[in-house]
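Okay, structure first, notes after.
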């Protein structure tokens, strides 16, 4: 039996969070704790980007909460002077769900890694996405277990030689974007730790989205998986490795044409209903796939996500794959409570007395 | 043909309704209970049903039963052995006849004693065919075969239901018959049926008609010549309602929210026998209650912890297997020192165990089932109605001391019911969340800046600075300006709460977390010991739902002329401060439990007392008569006398619970 859920009007992700009194600085968002990641870790770049980006949100600092699980990236909340919880392995999305549902006036962020989110916490991740709880999940994907000193992760390529797989790992990796799309994600994006501009742009869009925003951040681990993303970071190769996704624009990459700005490779519909790479010059302009992040049907976004290399990363689509509006769990849950409250009269103690005395009662004496 | 029926006075009766899982026995028992409650009897109930929703029809595993004990005085248990068995089919008869005392009455639906059903129940011969024979297997009992199904179908034929639907009203026919037999008021059942089947007038009318037909059958038949009367009980003055443990517990959680002014947030995953708390709380959003049916047990507690961090009263409900899954998260709540209620409605274990049966074997899990030194206060209700007060008490501790609290209910308390004296809201303890709103610490820098040596104003927030009396840390919720802080599972530095690995700090923090839980004992009232003569040498101590059977057993022993003392623990961690002295006052200490000796182990460890276990793990409440014999034996040893409880022990005819000595 379905019922009219009386859906609230869709709003931006931070609309119900109180605004700051005035301009804020990155320094205000920086805690007094010494940052303890390894030298050269990609996490530093993301931390700097987030600390610089948060003031621009214009939200009261005390209304921002960062929640993390376990792993290198999960130390993140300690370094931000907001409210924060460094929780237990894999469970951050569930804790953040409680926070976001209990409090409309908070901007809730989850910082997690490929092991935390996709291995031990896979269940919570997919259910957060399905419920569309208003929060932003930053998944730092370094394709390795760092904090436990170098075992393969659920995003490591097959055959990975690690401490726990001396003759090569056997399990097929997850593609985090494909997974998030399959889990009904309403905002799914991918960006790179070292591309500050792109990273910040994606964070801004993620924060503005009302619902679960899922952002995969490729992040280099210089100790246990150095160079995993060299192809998409190296100036000589990145043009050919990154498939940039910009809403409303044809998806092309490779060597750029000086006049059109188009790459020499493009995405086109494949005969099988999916998406494939073609030579831009070999297809007519109307065959070029124009990126539509707002398409209610996630099929094309999923097809694009499949162009990510499962092995060593020589090619990957980067950008916002999907951004669609869908009612959030927390808004609906709060609406049910406020609707119920609006229908009753009397104080809490009065109504409790009525509740306890309801039904068949009898008096003695 | 109406005839004059004899009316016989009784002081107490135990009836067990038994049938197939689909026969509606729980509903039938529940209605009879409600009628008895409205009539004013004291009562205790024991529902007993299989884990399967519809076990194969007509088989022994599919038998579902509901036992109700009602009396004209205060009673403590659902009774060891039923005076009356209502058996809707051969399997119900076979599964339950062994529990009956000699002379018990059995009413069977003769219609269901078909070859097929007899085969399924494992009867080679129809026992009803042997009634009165020399080899009558039911010769010890008064058996009344009644064609309940046939008469029901006949009574409701005007409503044009299918034969199957018509026959389904047979439980109401049986209820009507029993209601007549014990002079129960019928209005509440009629009203109940009108509401329940509001949308299906045919079914509603058929059930009401069957109910009335059962009553009229009792009135007119020659099969039953005696009616019984059990007068209302004299109970403390006030307004009462009948209540199950799960309902009382749900109301207690709502009351805790009202008393503390906090929104209640329940994160839960469905599990027998705890799910009804989730169902109930989901109906009470108007009290500001949010319920989240999580993707798993861990997410349930995770969301509750998140909600607590955000300033709600976080609650998670489950049973033993769920506690196992939540253990790591409970440890996080210990470390982050956030208020949290973890409710374990215990069931038979280990593993999946006996999902629908009761047990008390999660005490050590609640006490020790986490990595590291992770002390958690433990509270246990002693009766269905007491689940209300226990929930409020658990919330008081959780909020006052900023700690997860385990509440150990069990399957018997959850589904069993009793009359409950409805409390006055104003009499419940006040609970003050006392959120932190101000900076609480003077930094070295600020202190040094005071050149005149005067005290500086606090310029920092230290999330682990403790209240001197309770040792609780401040609860600063997001949205509070200036108190931004980070907590987590890593060890905290004393006071400032930053990550700290140094050995002395860890040793200190482990001890302070333990000391905080221990400090709760200072807020507890003295333990009540029931020792009427003050001369008992044997103390019986229990916890949780064994309160009823232990109390009933002690009454038996006293009736037989012996002395015994009883006390019952609401708080399992910390123990009340006076418990050690009380234990030392007695020569012998007996600890009856539905486990292999978990409280007795804790008492031995804590007080070096020779606590003697009395342990049954049958998935059912302890039997008072058996326990009385065990107590009697111990009294004999302690006092150097031969103890014979006579009719107050296992010997017939007293299979009844004893009234208290006045």
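Protein chains in written order, with the numbering used here: chain D, 15 to 379; chain V, 1177 to 1838. Glycine residues also receive a C-beta, built at the ideal position from the N, C-alpha and C atoms. In this text the structure is predicted, and so the values were computed from the model without any measurement.
- For residue 1656(V), the residues of chain D that pass the 9 Å Cβ criterion are 76, 97, in the order they occur in the chain.
- Under a 10 Å Cβ-count criterion, residue 1761(V) is classified as exposed, with fewer than 16 other Cβ atoms of the shown protein chains found around its own Cβ.
- Burial check for residue 1580(V): the Cβ neighbour count within 10 Å reaches 16 or more, so the residue is buried.
- Pairing residue 1450(V) with residue 1568(V) gives a Cβ-Cβ distance that is not under 8 Å.
- By the rule that beta-carbons nearer than 8 Å mark a contact, residue 1249(V) does not touch chain D.
- In this structure, the alpha-carbon of residue 1709(V) lies about 48 Å from that of residue 1312(V).
- Nearest to residue 1540(V) by alpha-carbon distance, out of 1503(V), 1491(V), 1566(V), is 1503(V).
- In this structure, the alpha-carbon of residue 1822(V) lies about 12 Å from that of residue 1734(V).
- Listed along chain V, the residues sitting closer than 9 Å to residue 117(D) by beta-carbon distance are 1483, 1486, 1487, 1488, 1653, 1654, 1655.
- A distance below 8 Å between beta-carbons, with the five flanking residues on each side excluded, links residue 163(D) to the following residues of its chain, in chain order: 177, 238.
- Leaving aside the five residues that flank residue 1487(V) on each side, the residues in its chain whose CB is nearer than 6 Å to its CB run, in chain order, 1653.
- Taking residue 1189(V) as the centre and dropping the five residues before and after it, the same chain places the C-beta of 1245, 1246, 1247, 1259, 1260, 1358, 1404, 1406 closer than 8 Å to its C-beta, in chain order.
- Residues of the same chain with a CB within less than 7 Å of the CB of residue 1815(V), apart from the 5 flanking positions on each side, are 1713 in chain order.
- In the DSSP assignment, residue 1410(V) falls outside any beta strand (DSSP E) and carries neither an H nor an E.
- Boundaries cannot be given for residue 117(D), as no beta strand (DSSP E) includes it and DSSP labels it neither H nor E.
- Counting only Cβ-Cβ distances below 7 Å, residue 362(D) has contacts in chain V at 1434, 1463, in chain order.
- Within 7 Å of the CB of residue 302(D), no CB atom of chain V is found; the nearest one sits about 40 Å away.
- For the C-beta of residue 37(D), not a single chain V residue is nearer than 7 Å; the gap to the nearest is close to 16 Å.
- The straight-line gap separating the alpha-carbon atoms of residue 1212(V) and residue 1365(V) is approximately 11 Å.
- A distance below 6 Å between beta-carbons, with the five flanking residues on each side excluded, links residue 1724(V) to the following residues of its chain, in chain order: 1252, 1253.
- The shortest CA-to-CA distance from residue 1691(V) to any of 1741(V), 1665(V), 1738(V), 1749(V) is the one to 1749(V).
- Comparing alpha-carbon positions, the option among 1519(V), 1497(V), 1423(V) lying closest to residue 1442(V) turns out to be 1519(V).
- 1461(V) is the residue among 1461(V), 1469(V), 1777(V) whose C-alpha sits nearest the C-alpha of residue 357(D).
- Judged by DSSP secondary structure, residue 267(D) falls within the beta strand (DSSP E) whose first and last residues are 266 to 270.
- At least one CB of chain V lies nearer than 8 Å to the CB of residue 120(D).
- Collapsing the DSSP output to three states places residue 1681(V) in a helix.
- Linking residue 71(D) to residue 259(D) through their CA atoms gives a straight-line distance of about 24 Å.
- Listed in chain order, the non-local C-beta contacts of residue 133(D) below 8 Å within the same chain comprise 104, 167, 168, local neighbours out to five positions each way being set aside.
- DSSP links residue 1618(V) through a beta bridge to no other residue.
- DSSP lists no beta-bridge partner residue for residue 1477(V).
- For residue 246(D), no beta strand (DSSP E) segment is defined; the enclosing uninterrupted segment is the alpha helix (DSSP H) at 244 to 247.
- Close to residue 1472(V), with beta-carbon spacing below 7 Å, are these residues of chain D in chain order: 137.
- Any Cβ of chain V closer than 8 Å to the Cβ of residue 60(D) would place that residue at the interface, and such an atom is absent.
- For chain D, the residues of the segment 1420 to 1434 of chain V that bring a beta carbon within less than 9 Å of one of its beta carbons are 1427, 1430, 1431, 1433, 1434, in chain order.
- A residue is called buried when at least 16 other Cβ atoms come within 10 angstroms of its Cβ; residue 1374(V) does not meet this threshold and is exposed.
- Looking at the DSSP output, residue 1767(V) sits in a beta bridge with 1789(V).
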